[in-house]
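Numbered according to the working numbering, the sequence shown spans residues 85 to 180. All residues carry an ideal CB built from backbone N, CA and C; glycine is no exception. Treat the numbers as computed from the prediction; the structure is a model and nothing was measured. This report refers to the structure that appears directly beneath it.
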Amino acid sequence: MDDAKRQLLPMLRQDIPPAPPKVERWTGDLIEETRALLSAVLPLADHELAFLDRLNGQGEIEASLLTADAGLQQRIATNPGLRWKALNVKKHVGSG
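Written as structure tokens, this is what we have:
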């Protein structure tokens with residue numbers, strides 16, 4: 085939410101951003117619309133969505149949701165990009 089306020093809203097035309105009390109709802113709607121549109125070109129299975137929800141919601145990399153292969157799970161769990169994302173989510177969740 086803070087990212088939307090600090091990074092997204094200042095980049096929009098003045099007539100697009102919602103009033104401050106409505107930013108959270110507007111951002112949620114924007115995310116849902118984006119997911120719906122992306123699902124047409126990038127459909128994700130339930131277990132893939134669960135992985136992303138866990139990563140984006142709690143900052144946890146639960147590789148077993150993606151594969152049963154232990155070697156691949158290890159590579160996913162140690163992926164620098166995923167670890168960076170998880171760390172940032174944990175910082176954000178911890179500060180909220």
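Please work out which residues of its chain come closer than 7 Å, Cβ to Cβ, to residue i, disregarding the five sequence neighbours upstream and downstream, and give them in chain order.
i	result
G180	Confidence is the limiting factor: at G180 the pLDDT is only 49, short of 50, which leaves the residue's position unreliable, though a coordinate-based value still follows. Nothing listed; no residue qualifies.
P160	Looking at the sequence shown, residue 160 is not Pro but Ile. Correct list, in chain order: I145, A147, L150, L166.
According to the neighbour-count rule (16 or more other Cβ atoms, all chains shown, within 10 Å of its Cβ), is residue i buried or exposed?
i	result
A170	buried
Can you name the start and end residues of the alpha helix (DSSP H) that residue i belongs to?
i	result
Q158	154–161
E116	107–125
E132	130–142
Residues in the same chain with beta-carbon distance under 8 Å from residue i, minus the five sequence neighbours each way, listed in chain order, please.
i	result
R90	none
V107	M85, A88, K89, L93, P101
E132	L149, L150
Below 7 Å, is the gap between the Cβ of residue i and the nearest heavy atom of the ligand HEM?
i	result
P101	The model depicted lacks the ligand HEM and carries no ligand whatsoever.
Please confirm if the segment 160–178 is in contact with the segment 142–151, defined as three or more CB-CB distances below 8 Å between the two stretches.
-> At 8 Å Cβ cutoff, the stretches touch.
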